[in-house]
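These notes are about the structure you will find just below.
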Amino acid sequence: MMENAWLIPLFPFVSFVVLLVVGKQLKERSAYVGMLLTFISLIYALGVLYERWTAPTYKQAYTWLTIGNVQLTVGFEVNALNALMLVVVSLVSFLVHTYAKGYMHGDERFPVFYAYLGLFTFAMLGLVISPNLLQTYMFWELVGLGSFLLIGFYFYKEEAKAAAKKAFIMTRIGDVGLLIGMILLFLEVGSFEYEAIFAALQNGNISTTIITLSAILIFVGAVGKSGQFPLHTWLPDAMEGPTPVSALIHAATMVAAGVYLVATLFPLYEASETAMMTVAYVGGFTAIFAASIGLVQTDIKRVLAYSTVSQLGYMMLALGSAGYVAGIFHLMTHAFFKALLFLAAGSVIHAVHTQNIEQMGGLWKKMKWTAPLFLIGTLAISGFPLFSGFFSKDEILLAAWTHGHVGLFIVAVIAAFFTAFYMFRLFFLVFAGEARTNVHDVHESPMVMVLPMIVLGVLAVVSGYVQTPWGAFLGEWLTEGTNWHAHAEGPSWIMIVATIVSLCGIALAWLIYGKQAIARDWLSSRFPMTYNVLMNKYYVDEFYGLTVMRATAFISLLFEYIDRFLVEGIARSLAAATRGIGRIGSRLQNGQVQMYGTVTIVALAILVVIFAVTGGYL
Amino acid sequence: MQPYFLSLLIFSPLLGILVLSLISKEQEKAIKWLGVLATLPSLCLSLFAFWQYQNGYDISQLTEKRSWIRFGDFPFLRETDFTVAYELHVDGFALVMIVLTTILATLAALASVSIQKEWKGYFQLFLLLEIGMLGVFAASNLVLFFIFLELTLIPMFFLIGKWGYFEKEKAAYSYLIYNGLGSAVLLIVIAILFARTGTANIAELRHILTDPIAQMQTISPISDDLRYGLFIALLVAFGVKLPIVPLHRWMLRVHVQAPPSVVMLHAGVLLKIGAFGLVRIALGLFPGQFQQFSTWLIVLGVVNLLYGAFLAFRQTDFKMVLAYSSVSHMGIVLIGLGSLNEAGMQGAIFQAVSHGFIAAFLFFFVGVMYERTRTTTLARLGGMAKTMPYASGFILAGAMASLGLPGTSGFISEFMAFVGAFRAEPWLAAIGTLGIIMTAVYLLRAVLRITFGQTTVTNVHDLRGIEWVPAISLLLFIVIIGVYPNVLAMPLQTTIETMMNGLGG
Numbered sequence: 243m244m245e246n247a248w249l250i251p252l253f254p255f256v257s258f259v260v261l262l263v264v265g266k267q268l269k270e271r272s273a274y275v276g277m278l279l280t281f282i283s284l285i286y287a288l289g290v291l292y293e294r295w296t297a298p299t300y301k302q303a304y305t306w307l308t309i310g311n312v313q314l315t316v317g318f319e320v321n322a323l324n325a326l327m328l329v330v331v332s333l334v335s336f337l338v339h340t341y342a343k344g345y346m347h348g349d350e351r352f353p354v355f356y357a358y359l360g361l362f363t364f365a366m367l368g369l370v371i372s373p374n375l376l377q378t379y380m381f382w383e384l385v386g387l388g389s390f391l392l393i394g395f396y397f398y399k400e401e402a403k404a405a406a407k408k409a410f411i412m413t414r415i416g417d418v419g420l421l422i423g424m425i426l427l428f429l430e431v432g433s434f435e436y437e438a439i440f441a442a443l444q445n446g447n448i449s450t451t452i453i454t455l456s457a458i459l460i461f462v463g464a465v466g467k468s469g470q471f472p473l474h475t476w477l478p479d480a481m482e483g484p485t486p487v488s489a490l491i492h493a494a495t496m497v498a499a500g501v502y503l504v505a506t507l508f509p510l511y512e513a514s515e516t517a518m519m520t521v522a523y524v525g526g527f528t529a530i531f532a533a534s535i536g537l538v539q540t541d542i543k544r545v546l547a548y549s550t551v552s553q554l555g556y557m558m559l560a561l562g563s564a565g566y567v568a569g570i571f572h573l574m575t576h577a578f579f580k581a582l583l584f585l586a587a588g589s590v591i592h593a594v595h596t597q598n599i600e601q602m603g604g605l606w607k608k609m610k611w612t613a614p615l616f617l618i619g620t621l622a623i624s625g626f627p628l629f630s631g632f633f634s635k636d637e638i639l640l641a642a643w644t645h646g647h648v649g650l651f652i653v654a655v656i657a658a659f660f661t662a663f664y665m666f667r668l669f670f671l672v673f674a675g676e677a678r679t680n681v682h683d684v685h686e687s688p689m690v691m692v693l694p695m696i697v698l699g700v701l702a703v704v705s706g707y708v709q710t711p712w713g714a715f716l717g718e719w720l721t722e723g724t725n726w727h728a729h730a731e732g733p734s735w736i737m738i739v740a741t742i743v744s745l746c747g748i749a750l751a752w753l754i755y756g757k758q759a760i761a762r763d764w765l766s767s768r769f770p771m772t773y774n775v776l777m778n779k780y781y782v783d784e785f786y787g788l789t790v791m792r793a794t795a796f797i798s799l800l801f802e803y804i805d806r807f808l809v810e811g812i813a814r815s816l817a818a819a820t821r822g823i824g825r826i827g828s829r830l831q832n833g834q835v836q837m838y839g840t841v842t843i844v845a846l847a848i849l850v851v852i853f854a855v856t857g858g859y860l
Numbered sequence: 211m212q213p214y215f216l217s218l219l220i221f222s223p224l225l226g227i228l229v230l231s232l233i234s235k236e237q238e239k240a241i242k243w244l245g246v247l248a249t250l251p252s253l254c255l256s257l258f259a260f261w262q263y264q265n266g267y268d269i270s271q272l273t274e275k276r277s278w279i280r281f282g283d284f285p286f287l288r289e290t291d292f293t294v295a296y297e298l299h300v301d302g303f304a305l306v307m308i309v310l311t312t313i314l315a316t317l318a319a320l321a322s323v324s325i326q327k328e329w330k331g332y333f334q335l336f337l338l339l340e341i342g343m344l345g346v347f348a349a350s351n352l353v354l355f356f357i358f359l360e361l362t363l364i365p366m367f368f369l370i371g372k373w374g375y376f377e378k379e380k381a382a383y384s385y386l387i388y389n390g391l392g393s394a395v396l397l398i399v400i401a402i403l404f405a406r407t408g409t410a411n412i413a414e415l416r417h418i419l420t421d422p423i424a425q426m427q428t429i430s431p432i433s434d435d436l437r438y439g440l441f442i443a444l445l446v447a448f449g450v451k452l453p454i455v456p457l458h459r460w461m462l463r464v465h466v467q468a469p470p471s472v473v474m475l476h477a478g479v480l481l482k483i484g485a486f487g488l489v490r491i492a493l494g495l496f497p498g499q500f501q502q503f504s505t506w507l508i509v510l511g512v513v514n515l516l517y518g519a520f521l522a523f524r525q526t527d528f529k530m531v532l533a534y535s536s537v538s539h540m541g542i543v544l545i546g547l548g549s550l551n552e553a554g555m556q557g558a559i560f561q562a563v564s565h566g567f568i569a570a571f572l573f574f575f576v577g578v579m580y581e582r583t584r585t586t587t588l589a590r591l592g593g594m595a596k597t598m599p600y601a602s603g604f605i606l607a608g609a610m611a612s613l614g615l616p617g618t619s620g621f622i623s624e625f626m627a628f629v630g631a632f633r634a635e636p637w638l639a640a641i642g643t644l645g646i647i648m649t650a651v652y653l654l655r656a657v658l659r660i661t662f663g664q665t666t667v668t669n670v671h672d673l674r675g676i677e678w679v680p681a682i683s684l685l686l687f688i689v690i691i692g693v694y695p696n697v698l699a700m701p702l703q704t705t706i707e708t709m710m711n712g713l714g715g
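Chains as they are written, first to last, in my numbering: chain A, 243 to 860; chain B, 211 to 715.
Below, the structure is given as structure tokens:
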């Protein structure tokens with residue numbers, strides 16, 4: 243099966259093409275096309291994963307572009323990391339395809355939605371099986387296209403338009419970093435193949451400057467895609483897209499691509515201490531930065547979006563602390579529980595027709611399935627013992643601690659506290675207490691939406707058990723043939739601390755929002771400044787508006803003036819000068835022989851002088 | 211293939227001109243069909259040649275040569291001195307450009323259905339323009355090159371001046387003056403070279419100018435200073451065409467005022483003559499000077515790229531956005547050429563071809579849009595995704611190709627040009643990458659303004675009938691090159707090798 247792994251991305255692509263062409267005729271039956279084809283991908287991916295369990299890495303390449311005597315290739319590769327990713331991506335994609343059948347029901351552009359989902363899934367799966375940096379970059383951009391199209395799905399809404407544009411441009415800023423880093427590596431190594439790059443690293447054929455520079459530049463690309471500070475602002479805005487999209491793209495798969503990229507190029511990062519530090523610090527900072535914003539947001543999807551940013555920061559922190567397995571492990575568990583949370587949030591939005599958590603409440607009884615499933619997701623992300631997030635977060639904390647990043651370790655612990663707090667704040671505000679909604683006939687979503695959530699709910703619990711303190715099953719498989727740690731060994735008090743912190747967060751949220759023993763504005767009224775800053779997301783958007791956007795507008799204006807007045811002005815004055823000379827010339831044509839004689843002699847003199855100076859030879 | 215294959219290819223539109231002149235000018239439908247039909251022979255011939263070439267046919271067999279003009283008859287000169295032959299030949303690069311021309315000519319002829327008046331004259335001029343363009347790419351001596359170049363100038367002047375929009379006359383004159391001056395400079399260069407060496411054949415000139423022994427034997431050797439002067443003159447002459455900032459003002463007017471079907475050819479092919487001339491003549495004849503000047507070429511390229519991009523960001527008319535976008539994209543050609551390595555050169559040529567398709571594609575939709583909404587002002591457009599979903603999808607796809615999304619030809623050319631530039635001048639290249647971001651910024655701003663948001667113009671219909679043909683086929687070419695670039699890279703291999711040899715490896 244591994245020999246034909248390239249088929250896995252192809253099925254969703256077929257779905258894209260088919261739906262683009264005949265979607266209009268199929269109407270809502272389009273969903274079946276999309277579901278069927280992603281399901282085939284999923285089955286295939288499972289088969290490949292099963293086979294890769296025992297078989298060695300498989301790779302194939304074909305010549306794609308010849309530049310001089312360099313052959314660039316395309317192909318595919320199945321290794322431990324991407325076999326796992328194939329399953330995660332195709333599984334979440336299939337579940338979202340299913341869920342969207344209910345969620346998007348009645349939408350005028352239903353087939354288009356499924357077509358775009360197909361395109362995205364194709365690009366994401368293609369990204370995952372790429373054996374070289376160039377191909378990764380190509381799918382990386384196509385993934386961005388899919389994300390752009392789906393964020394802007396409600397194209398008539400100004401917010402959606404702005405969000406789509408912002409997402410595309412901000413990720414592109416990162417992508418340029420990736421492009422430069424990739425080209426620098428290519429010029430040094432002479433190949434884009436991961437294998438060749440790693441071989442060159444091992445033989446010491448790459449100068450340390452280039453290693454550090456290209457690693458950091460490539461990381462800039464990851465920062466853009468994974469919504470890390472300072473390129474994170476597009477991700478919360480991306481919530482303008484339909485909720486299934488938020489679950490698939492902006493929680494489980496695409497935003498994790500940055501983490502995946504750093505993991506894929508892990509040997510490159512390992513070779514540069516500076517690059518590792520950069521990854522760890524950016525990740526750690528983003529984790530606590532985004533978590534603190536999440537504390538005060540009131541839009542259910544935005545809280546989840548900031549939580550995604552924060553969790554991605556965690557993964558980066560793990561990778562930067564040499565926690566290769568920890569980063570990937572958390573990527574996987576996060577994909578499941580965050581997709582679950584988004585789908586459940588979508589189910590809630592579907593029921594109450596608002597995203598404002600102030601207008602929800604009391605849904606526990608009305609949504610028999612959604613509520614407990616949301617609770618599972620919340621427990622998982624909060625690191626509640628024995629849920630998947632508990633194990634993966636623990637791995638990250640261990641990695642940070644054992645790598646000697648005490649500062650980052652403390653940051654990560656605080657961020658974990660924040661996470662537990664704001665997630666349970668969300669849970670209590672949405673499901674507990676009195677109903678504050680204006681919608682009276684709140685009812686559970688149809689089964690087609692609930693079933694995918696159930697699958698994810700199960701995974702959000704059990705997926706943690708592939709890598710526990712008692713057995714590093716996943717880690718041993720992922721790190722086979724390398725010298726990376728399958729499992730970070732660290733003091734056992736870390737797990738206890740993590741548990742306590744998470745329970746404290748939950749308890750505090752319960753006291754304020756569940757039991758309401760503490761007034762809600764108890765803290766915000768004491769620190770109004772901080773509250774405002776958090777509410778306004780640290781004014782990052784405003785800062786960009788005042789600096790980058792102003793500067794761009796100013797340069798454009800400047801060029802406009804240069805073009806209109808300087809360039810055009812010179813052209814005009816040349817024309818005027820020509821006209822002037824013509825006028826003088828015509829005045830010379832006055833019919834007097836003396837004048838003609840003078841002109842002739844002067845001209846002759848000039849010619850003689852030129853001849854004398856140059857010697858008649860140029 | 212026949213010995214007169216290339217002549218047939220170039221002059222086959224003549225047949226159409228003749229037949230058209232026999233038809234009454236009232237028969238709109240017949241004229242339009244004939245106009246399209248007349249572009250087909252050269253399309254078929256060029257595709258046939260390309261296909262043969264791909265299958266290993268030696269393209270140099272197509273060379274044609276007939277004696278034509280002889281200046282003077284001096285006993286002390288060789289028989290061949292001061293003669294100008296009618297001679298044609300193609301290499302991979304020229305063939306690719308010819309294929310581009312014939313494809314765009316047919317599609318632009320299809321897009322000409324929206325022309326409102328005097329179809330007969332329009333199509334006759336249109337076909338004459340095609341002859342000129344094809345001839346430029348196949349000419350193997352400078353005199354013939356020049357004649358064909360001038361042959362494009364005249365029909366274009368009338369096509370803009372007569373069938374354009376409100377300020378068409380001004381645009382036509384602007385076009386004529388700028389390009390006329392460029393041609394004049396070119397003519398001076400040709401005259402000097404011809405007088406000094408006695409030949410106008412590009413290959414012979416190349417031999418004389420680059421080989422030290424041949425240089426000694428020529429009629430009047432050319433000093434380094436003069437070479438520099440001639441090189442700069444060529445840069446100016448082709449810089450007007452390309453255009454290089456600050457010689458670009460004329461092409462903005464043409465982009466805005468000429469009918470979209472003509473702009474398809476203008477942006478698609480005529481601008482590329484600038485690139486072709488730079489490669490074939492400036493680089494071909496003066497590799498040494500080109501090398502000395504290469505850093506400045508990258509500087510000019512980066513200026514073009516950023517200047518065009520920032521200005522495109524401010525425009526209020528979609529056509530102006532695309533016009534400045536052309537300026538910006540031609541910067542990539544200069545960046546690639548200036549980097550003096552395989553990747554850069556190949557990127558530059560790719561960009562010439564790729565931008566040809568993409569610009570034609572986008573301008574085709576400008577025509578489609580204008581026909582329905584009677585405006586291209588961004589502020590008056592919006593929400594077209596609702597009323598014209600397919601057209602909007604195509605426009606978005608065009609914008610994506612233009613901003614270099616992988617999977618489209620735009621990416622390949624941009625990527626290779628930057629690989630080349632990073633090898634040659636990393637810092638300049640790094641500044642240039644700002645252009646990649648800005649391209650996304652201005653294109654999304656313009657295209658989303660048109661397609662997203664609230665619908666302003668209702669009661670318009672989506673693509674229909676014949677309009678699908680240019681839309682689909684152009685997108686197909688863009689995607690094919692993007693997905694499998696070797697389809698274009700392989701035919702260019704020998705050209706690029708020759709170029710690199712000229713540069714001394």
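Glycine is no exception: its CB is placed at the ideal position from the N, C-alpha and C atoms.
Bear in mind that the values here come from a model prediction, so they are computed numbers and not experimental data.
query, result
"Can you pull the chain B residues whose beta carbon is under 8 Å from the beta carbon of W306 of chain A, in chain order?", "Y694, P695, N696"
"Since F395 of chain A and G483 of chain A should fall inside the 8 Å C-beta cutoff, what is the C-beta to C-beta distance between them, to a whole number of angstroms?", "6 Å"
"Which residue comes first and which comes last in the alpha helix (DSSP H) that contains T315 of chain A?", "Where T315 of chain A is concerned, there is no enclosing alpha helix (DSSP H), although the beta strand (DSSP E) it sits in stretches over 312 to 320."
"What three-state label does DSSP hand L765 of chain A in the structure shown?", "coil"
"Along the stretch 249 to 281 of chain B, what residues have a CB closer than 8 Å to any CB found in chain A?", "none"
"By a C-beta neighbour count over all protein chains shown, 10 Å radius and 16 as the cutoff for buried, is D421 of chain B buried or exposed?", "exposed"
"Within 9 Å (strictly less), CB to CB, does G394 of chain A reach chain B?", "yes"
"How big is the Cα-Cα spacing for L168 of chain B and L367 of chain A?", "In the structure as shown, chain B begins at 211 and stops at 715. Residue 168 of chain B is therefore absent and cannot be evaluated."
"Can you check the stretch 349 to 426 of chain A for any alpha helix (DSSP H) of at least 4 residues that lies completely inside it and give the ranges in chain order?", "352 to 371, 375 to 393"
"Taking the beta strand (DSSP E) that Y304 of chain A falls in, what are its first and last residues?", "300 to 309"
"Alpha carbon to alpha carbon, how far is W719 of chain A from A751 of chain A? Give it in angstroms, no decimals.", "38 Å"
"Identify which residue in A:H492, A:L307, A:T413 has its Cα closest to the Cα of S335 of chain A.", "A:H492"
"Label K467 of chain A either buried or exposed according to how many other C-beta atoms from any shown protein chain fall within 10 Å of its C-beta, with 16 as the threshold for buried.", "buried"
"Sort out for me which residues DSSP pairs L298 of chain B with in a bridge.", "B:E274, B:A349"
"For A657 of chain A, count neighbouring C-beta atoms within 10 Å of its own C-beta (all shown protein chains included) and say buried if the count is 16 or more, exposed if not.", "buried"
"Counting C-beta neighbours from all protein chains within 10 Å, is the total for F608 of chain B 16 or more, i.e. buried, or is it exposed?", "Here residue 608 of chain B turns out to be Gly, not Phe, going by the sequence shown. Classification for G608 of chain B: buried."
"Would G463 of chain A and L490 of chain A be called neighbours here (beta carbons separated by less than 9 Å)?", "no"
"Quick one: grab the DSSP three-state call for R280 of chain B.", "strand"
"For the stretch 393 to 417 of chain A, list every residue whose C-beta sits within 7 Å of some C-beta in chain B, in sequence order.", "G394, F397, Y398, E400, K403, K407, F410, I411, R414, I415"
"Comparing C-alpha positions only, which one of B:F560, B:T409, B:I491 sits nearest to M700 of chain B?", "B:F560"
"Touch check for the stretch 352 to 371 of chain A and the stretch 260 to 268 of chain A: three-plus C-beta pairs under 8 Å?", "yes"
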